[in-house]
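Take a look at the structure below.
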Amino acid sequence: MQPRVRTGAVALIASLLLSGCAAFSPDGGMSFVADTAGHELRKDVAAIRSDEDASAAREAVTRLLKRPLTADAAVQVALLNNRGLQAAYAELGIAEARMVAASLPPSPTLSVSRLAGGGASEIEGKLLGDILALATLPARSETAHKRFRQAQLRAAEETLRLAQEARRTWYQAVASQQLVGYLSQAQTAADTAATLSERLGKTGAINKLDQARQQTFYAETAAQLATARQGAASDRERLVRALGLWGRDLNFRLPSTLPALPPRPLVQPAIEREAIKRRIDVQIARLETEALAATLGLTQATRFLDVFELAGLGKRTKAGDEIERERGLEVELRIPLFDFGESRVREAEQRYTQAINRLAETAVNARSQARDAYRSYRATYDIAGHYRREILPLRQIISDEMLLRYNAMQIDVFTLLTEARQRIAANTAAIEAKRNFWLASTTLSAAVIGGMPAGASSSPAMAMAGGGEAEGH
173 MQPRVRTGAV ALIASLLLSG CAAFSPDGGM SFVADTAGHE LRKDVAAIRS DEDASAAREA
233 VTRLLKRPLT ADAAVQVALL NNRGLQAAYA ELGIAEARMV AASLPPSPTL SVSRLAGGGA
293 SEIEGKLLGD ILALATLPAR SETAHKRFRQ AQLRAAEETL RLAQEARRTW YQAVASQQLV
353 GYLSQAQTAA DTAATLSERL GKTGAINKLD QARQQTFYAE TAAQLATARQ GAASDRERLV
413 RALGLWGRDL NFRLPSTLPA LPPRPLVQPA IEREAIKRRI DVQIARLETE ALAATLGLTQ
473 ATRFLDVFEL AGLGKRTKAG DEIERERGLE VELRIPLFDF GESRVREAEQ RYTQAINRLA
533 ETAVNARSQA RDAYRSYRAT YDIAGHYRRE ILPLRQIISD EMLLRYNAMQ IDVFTLLTEA
593 RQRIAANTAA IEAKRNFWLA STTLSAAVIG GMPAGASSSP AMAMAGGGEA EGH
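Every letter in the sequence shown is one number past the one before it in my numbering, and letter 252, counting from 1, is 424.
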């Protein structure tokens, strides 16, 4: 009867070991991240873990930087070249190592002691194993797999966040560069007018008041251009940081203007449902709840027994020519004399309750952010379209008519300069309106699929007021 019992115990232990063990994946868990980037972004990602990986990524980045950088190309460069993202992928590898370690059975402890004296010697050995840890291995392994799944989602979320950041900084940099180009043209015209008024003033053709007005207009335009250039330089540096560029790569070129507005805006009546279904942070919070639920169940099951160890004992005694051997078993239990596991169960219950509330909060925030982002998207589309269809054409008509009347000496230079200032303000506002639309479009994508920066606002005006610096690495 004893061999059957021993065989059954060995079979039970073997089944527990086989059910709990996990192995490292060939790609370090990157397949899920790559699938997410391919589906949501239509872009490639790579965890750079060798010289070959680094060389392939470098070749792709160099190829993309040879041409004027588009928004999609900027996103791809960031995903291949940003070192902060590579650090997040390394964190995924750490999480996988922890998952594998948590799924392995507990290592036994071996101790050997020797005593000698009076012509006799004694050798005693003990092999100690944690039976409770072995029995709960499948449950702990399942929880470890959920934690690793969370790490994959966090890596995917960081990928989406960096992609949104690269796209946003690209739109800001191009808009700033476009504004500099427009103000440079206005400043050239103002310089020509100021030089002409100075010459006419010397001949007495115009009075000092009109000459001062021309000079003031030129000075104001020059100040606006200087401010725009400083802002463009800062926006370009923010883009540089998002893309992870340095050295010769800093000479990349940007388009001179923002992309045209799409023919029609997106229509998304089920924006909230889409956000709840696709948002990465909601999936992370849901997995956290499931993992803590499993932990709570395991804690409740082992509340009265948190130490259960089995030891195999062996003893060899030698006295003269006589050798005596002894074998036995030792069981160690911790008696819950003062704590019947209530504190561990109570803590696990509160952690589970905390996770449920955070999941609910994340879902509520996701719904609100999706609604707000879509409203901002539609509003900025209408505003940018209004500038394109109505305001700029009317401003051009006014400018042409004012110039005709000035040449016919029907209006004075003050009226012409007032109109010029208004035209500059209208064109500047039109560029900003188009920029705000593309920023709102990026925020809408982040609100649906995930990757919104912490504390990000759906309002482009508020986002620009914040400077965007908090979004960088």
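All C-beta atoms in this analysis are idealised placements derived from N, C-alpha and C, irrespective of residue type, glycine included.
Treat the numbers as computed from the prediction; the structure is a model and nothing was measured.
Nearest neighbour of Val284 by Cα position, chosen from Glu231, Ile295 and Pro278, turns out to be Ile295.
Between the stretch 331-344 and the stretch 406-417 there are three or more C-beta pairs closer than 8 angstroms, enough to call the two in contact. For Leu252 against Ala327, the beta-carbon gap comes to about 15 angstroms, at or over 8 angstroms, which does not count as contact. Going by beta carbons, Leu589 and Arg371 fall outside the 8 angstroms limit.
Glu444 is the residue among Glu604, Gly557 and Glu444 whose C-alpha sits nearest the C-alpha of Ser617. Between Tyr553 and Pro437, the beta carbon gap of about 5 angstroms places them in contact (Cβ cut-off 8 angstroms). Under the three-pair Cβ rule at 8 angstroms, the stretch 215-224 counts as touching the stretch 244-263. Here the alpha carbon of Ala361 sits roughly 11 angstroms from the alpha carbon of Ala394.
Per the C-alpha coordinates, the member of Trp418, Pro198, Asp584 and Trp610 positioned closest to Asn379 is Asp584. For Thr281, the secondary structure class from DSSP, reduced to helix, strand or coil, is strand. According to the DSSP assignment, Asn599 belongs to the alpha helix (DSSP H) that extends over Val585 to Ile621. With a minimum length of 4 residues, the unbroken runs of alpha helix (DSSP H) contained wholly in the stretch 222-282 fall at 223-237, 243-253 and 255-275. Separation of Leu334 and Pro431 (C-alpha to C-alpha, rounded to the nearest whole angstrom) is 21 angstroms. The shortest CA-to-CA distance from Val205 to any of Arg321, Leu276 and Glu224 is the one to Arg321. Bridge pairing for Ile456: absent [DSSP]. Comparing alpha-carbon positions, the option among Glu521, Met271 and Arg577 lying closest to Pro310 turns out to be Met271. Per DSSP, reduced to three states, the secondary structure at Ile295 is strand.
Here Arg451 is not near Gly210, since their CB atoms are 8 angstroms or more apart. DSSP places Lys449 within a helical segment (H, G or I) once states are collapsed to three.
Contact annotation, Ile596 with Ala358: C-beta distance approximately 5 angstroms; criterion of less than 8 angstroms satisfied. Cα atoms of Tyr524 and Ala538: separation of roughly 21 angstroms, rounded to the nearest angstrom. For Asn379, the secondary structure class from DSSP, reduced to helix, strand or coil, is coil. For Ser348, the closest alpha carbon among the candidates Ala602, Ile563 and Ala273 is that of Ala602.
Rounded to whole angstroms, the Cβ separation of Ser197 and Glu268 is 7 angstroms, and the two are in contact under 8 angstroms.
Here Ala327 carries a helix assignment [DSSP, helix/strand/coil]. Exclusion of the five residues before and after Ser571 leaves Glu591 and Arg595 as the residues of its chain whose Cβ lies within less than 7 angstroms of its Cβ. Following the DSSP letters along the chain, one finds Asn579 inside the alpha helix (DSSP H) bounded by residues Leu564 to Asn579. Approximately 5 angstroms separates the beta-carbon atoms of Thr315 and Ala463; this is inside 8 angstroms, confirming the contact. Under the 10 Å beta carbon count, Arg425 is surrounded by fewer than 16 other beta carbons and is classified as exposed. Cβ contact annotation for Asp421 (same chain, cutoff 7 angstroms, sequence separation greater than five): Leu237, in chain order. Judged by DSSP in its simplified three-state form, Met202 adopts helix.
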